[in-house]
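Engineer:
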Amino acid sequence: MTPRDVAESFRTATPLELLFDLCFVVAIAQSAAGLHHALASGHVGDGLLSYAMTFFAIWWAWMNFSWFASAYDTDDVPYRIAAMVQITGALILAAGIPRAFEQRDFSIAVLGYVVMRTALVANWLRAAASDPEGRGTALRYAVGVTLVEAAWVVMLTIPSGIRLWAWLFLACADLSVPVWAERRHRTAWHPRHIAERYGLFTLIVLGESILAATLAVQGALDAEQAGAGLYGVAAGGLLIVFSMWWLYFAKPAHRFLTSNRAAFLWGYGHYLVFGSAAAVGAGLSAAVDDATGHFHGGAIARGAVVTVPVAVFLLAVWWLQHRPHQVSLSHKVLVPGAAVLVLAGTFTPVPVPATGVVLAVVVTIAVLVARRESAAARSQLTVTP
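When we follow this note's numbering, the leftmost residue of the sequence shown carries the number 8, and every step to the right adds one.
Written out as structure tokens, the structure is:
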């Protein structure tokens with residue numbers, strides 16, 4: 008298990024990585040479904056807390072696998088088996104998510120998390136044995152992940168009253184392991200490969216949002232509860248998801264992934280991108296419930312379940328994907344301004360269609376600005392006699 012070339016040409020995601028992502032979407036769907044039911048029943052605070060905790064485990068396990076694979080993917084039999092063990096852990100985690108939402112019992116979810124992390128430790132130990140130059144970093148990863156993994160198990164034994172604070176501490180400890188480990192020697196992650204992996208996972212999360220909203224609309228149609236409000240939610244939801252895709256992929260990310268500092272900020276910041284994108288699906292499902300008279304939240308909540316995660320997504324994408332490329336005033340204010348308008352749409356009678364229209368307008372403006380800037384750049388390159 009030797010490090011890959013950081014300048015390797017045509018480095019793309021492998022079939023094993025795609026299988027890994029597809030299996031992880033099961034856990035994302037469970038977490039988003041739990042959030043949907045909590046929002047629809049009016050338990051917003053409890054639902055958001057459980058969602059943040061379960062989604063953290065999903066995101067962090069996926070992220071650790073992706074960065075390790077970018078540096079040490081040998082695609083041999085032991086590596087494939089380790090990846091499949093991590094997939095098994097993700098499925099165990101997914102099975103425990105309903106219990107975490109309904110009973111605040113995280114034992115099954117932690118079991119799945121431990122299974123995933125144990126396979127990761129085995130990979131780091133293989134890397135330590137095969138890569139003399141990166142041995143110190145690999146051993147730091149193995150030790151750090153093992154210690155935090157043991158602490159997660161211990162967390163299950165402490166009183167429930169302080170468990171939230173323990174969770175926050177351990178989450179910070181988990182996030183600190185790569186920062187500590189990479190101080191000795193940078194692992195050989197590939198910028199283009201990492202950017203593609205994050206883009207693919209964004210596609211999967213957006214696809215889960217479309218699926219959640221589609222199932223909700225299907226249920227309403229089967230129950231013969233379709234009305235103008237339902238069709239407005241369906242149309243607005245499509246505009247929202249299409250625009251989210253467009254804005255995320257409007258700017259390439261690999262160009263500014265040039266250091267560990269930039270990569271850490273960008274990679275960690277995607278917790279908000281992925282989490283908000285999946286929450287949009289839960290919000291659209293709750294909006295369908297509202298259109299069919301099955302939403303039990305307040306007047307503001309009926310709009311906020313969609314507008315707030317969309318606004319978080321816009322701000323996170325602008326900060327991580329757009330801001331490093333800014334060359335004009337329009338890029339600096341367009342997407343943040345759209346986030347403000349989306350939040351204002353919370354107080355309109357039709358928050359979902361209003362949000363969809365705002366995003367469609369933003370995409371249209373962004374396309375026109377990009378075309379104008381491209382034409383200006385071409386004209387500057389033209390040499391006149």
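Where a beta carbon is used, it is the ideal one built from N, C-alpha and C, also for glycine.
From a predicted model like this one, the values you see are computed outputs, not experimental measurements.
What would DSSP say about A34, mapped onto helix, strand or coil?
Structural biologist: Position 27 of the sequence shown, counting from 1, holds the residue named residue 34. Correct three-state label for A34: helix.
Engineer: From what residue to what residue does the alpha helix (DSSP H) around P259 run?
Structural biologist: Taking the first residue of the sequence shown as 1, we reach residue 259 at position 252. From DSSP, P259 is part of no alpha helix (DSSP H); its letter is neither H nor E.
Engineer: Looking at M70: is its Cβ nearer than 8 Å to the Cβ of G274?
Structural biologist: As a position in the sequence shown, residue 70 is number 63, starting the count at 1. As a position in the sequence shown, residue 274 is number 267, starting the count at 1. A contact, by the Cβ cut-off of 8 Å.
Engineer: With a floor of 3 residues, list each beta strand (DSSP E) that falls wholly inside the segment 187 to 241, ordered by position along the chain.
Structural biologist: Complete beta strand (DSSP E) runs here, min 3: none at all.
Engineer: Just checking my contact of A126 with F31 at CB under 8 Å: how many whole Å lie between their CB atoms?
Structural biologist: As a working mapping, residue 126 is identified with position 119 in the sequence shown. As a working mapping, residue 31 is identified with position 24 in the sequence shown. Between F31 and A126 the Cβ distance is about 14 Å, and since that is not below 8 Å, they are no contact.
Engineer: Ignore the nearest five residues each way along the sequence and tell me which others in E265's own chain have a CB closer than 8 Å to its CB.
Structural biologist: Numbered from 1 along the sequence shown, position 258 holds the residue referred to as residue 265. Per the sequence presented here, residue 265 reads as Thr, with Glu not at that position. If we look at T265 and ignore the five residues flanking it on each side, its Cβ neighbours are P198.
Engineer: Just verifying my parser: in three-state terms, what is the DSSP assignment at A284?
Structural biologist: Position 277 of the sequence shown, counted from the start, is the residue given in the question as residue 284. Helix.
Engineer: So, at 7 Å on beta carbons, what are the nonlocal neighbours of W67 in its own chain, with the 5 sequence-adjacent residues on each side left out?
Structural biologist: The residue labelled residue 67 in the question sits at position 60 within the sequence shown. Excluding positions up to five away in sequence, the list reads D181.
Engineer: First and last residue of the alpha helix (DSSP H) that includes I88?
Structural biologist: Here residue 88 corresponds to residue number 81 of the sequence shown, with the count starting at 1. That run of the alpha helix (DSSP H) goes 84 to 110.
Engineer: Should G54 be listed as close to the ligand MG, given that the test is whether its C-beta is under 7 Å from any heavy atom?
Structural biologist: The ligand content of the structure shown is nil, which means the ligand MG is not present either.
Engineer: Kindly confirm or deny that the segment 39 to 53 and the segment 283 to 292 touch, where touching means at least three C-beta pairs closer than 8 Å.
Structural biologist: Contact between the segment 39 to 53 and the segment 283 to 292 is present, because at least three Cβ pairs lie under 8 Å.
Engineer: Taking all protein chains shown into account, do 16 or more other C-beta atoms lie within 10 angstroms of the C-beta of Q110, making it buried, or fewer, making it exposed?
Structural biologist: Position 103 of the sequence shown holds residue 110. By the 10 Å Cβ count, Q110 comes out exposed.
Engineer: Just to confirm the assignment, what range does the alpha helix (DSSP H) spanning Q387 have?
Structural biologist: Within the sequence shown, the letter at position 380 stands for residue 387. Counting along the chain, the alpha helix (DSSP H) containing Q387 begins and ends at 358 to 388.
Engineer: What residue does the alpha helix (DSSP H) around F63 start on, and which one ends it?
Structural biologist: In the sequence shown, the residue the question calls residue 63 occupies position 56. Per DSSP, F63 belongs to the alpha helix (DSSP H) from 51 to 79.
Engineer: Closest to A270 by C-alpha separation, out of V186, G244, A102, would be which residue?
Structural biologist: Residue 270 sits at position 263 when you count from the first residue of the sequence shown. The shortest C-alpha separation from A270 is found at V186.
Engineer: In three-state terms, what does DSSP make of G300?
Structural biologist: By 1-based counting over the sequence shown, the position of residue 300 is 293. G300 falls in the coil class under three-state DSSP.
Engineer: Assuming T95 contacts V122 (C-beta within less than 8 Å), just tell me the rounded distance between them.
Structural biologist: Within the sequence shown, the letter at position 88 stands for residue 95. Within the sequence shown, the letter at position 115 stands for residue 122. Confirmed, about 6 Å.
Engineer: Please confirm whether V349 and T371 have their CB atoms less than 8 Å apart.
Structural biologist: Reading the sequence shown from its first residue, position 342 is the one you call residue 349. Reading the sequence shown from its first residue, position 364 is the one you call residue 371. No, they are not a contact pair.
Engineer: Considering only C-alpha positions, which residue in the set P85, A286, P356 is nearest to R133?
Structural biologist: Numbered from 1 along the sequence shown, position 126 holds the residue referred to as residue 133. Out of P85, A286, P356, P85 has the C-alpha closest to the C-alpha of R133.
Engineer: Taking its Cβ as the centre, do 16 or more other Cβ atoms sit within 10 Å of P392, making it buried, or is it exposed?
Structural biologist: The residue given as residue 392 occupies position 385 in the sequence shown. Low confidence applies here, because P392 scores a pLDDT of 49, under 50, leaving its location unreliable; read the following figure in that light. Counting Cβ neighbours within 10 Å, P392 comes out exposed, since fewer than 16 surround it.
Engineer: Please name the residue in V342, A377, P356, V374 whose C-alpha comes closest to that of V365.
Structural biologist: Numbered from 1 along the sequence shown, position 358 holds the residue referred to as residue 365. Measuring from the Cα of V365, the nearest candidate turns out to be V342.
Engineer: By Cβ distance, which residues of its chain are closer than 7 Å to A64, with the 5 residues on each side in sequence left out?
Structural biologist: For this step, residue 64 is matched to residue 57 along the sequence shown. Only L100, A116, Y120 meet the Cβ criterion.
Engineer: If you pair each beta-carbon of the segment 210 to 226 with each one of the segment 318 to 334, do three or more pairs fall below 8 Å?
Structural biologist: Contact fails: fewer than three Cβ-Cβ distances are below 8 Å.
Engineer: Tell me whether D138 sits in a helix, a strand or coil according to DSSP, three-state version.
Structural biologist: As a first step, residue 138 is located in the sequence shown; it is residue number 131 there, counting from the start. Three-state DSSP puts D138 in coil, outside helix and strand.
Engineer: Return the chain-ordered list of same chain residues with a C-beta closer than 6 Å to the C-beta of F62, the five sequence neighbours on each side being excluded.
Structural biologist: As a first step, residue 62 must be located in the sequence shown, where it is residue number 55. Here the set comprises S38, G282.
Engineer: Pop quiz: F320 and V280 are said to be a contact at Cβ under 8 Å. What is the actual Cβ separation, rounded to whole angstroms?
Structural biologist: In the sequence shown, the residue the question calls residue 320 occupies position 313. In the sequence shown, the residue the question calls residue 280 occupies position 273. With a Cβ gap of about 6 Å, F320 and V280 count as contacting.
Engineer: Examine chain D for any beta-carbon lying closer than 8 Å to the beta-carbon of I88, and answer yes or no.
Structural biologist: No chain D appears in this structure, which consists of one protein chain only.
Engineer: In this structure, how does DSSP classify W307 when only helix, strand and coil are distinguished?
Structural biologist: What you label residue 307 is simply residue 300 of the sequence shown in a count that begins at 1. For the sequence presented, residue 307 should be read as Ile rather than Trp. Of the three classes helix, strand and coil, the one that applies to I307 here is coil, per DSSP.
Engineer: Between which residues of its own chain and A107 is the CB-CB distance below 6 Å, once the five residues before and five after are set aside?
Structural biologist: By 1-based counting over the sequence shown, the position of residue 107 is 100. If we look at A107 and ignore the five residues flanking it on each side, its Cβ neighbours are S57, T61, F113, A116.
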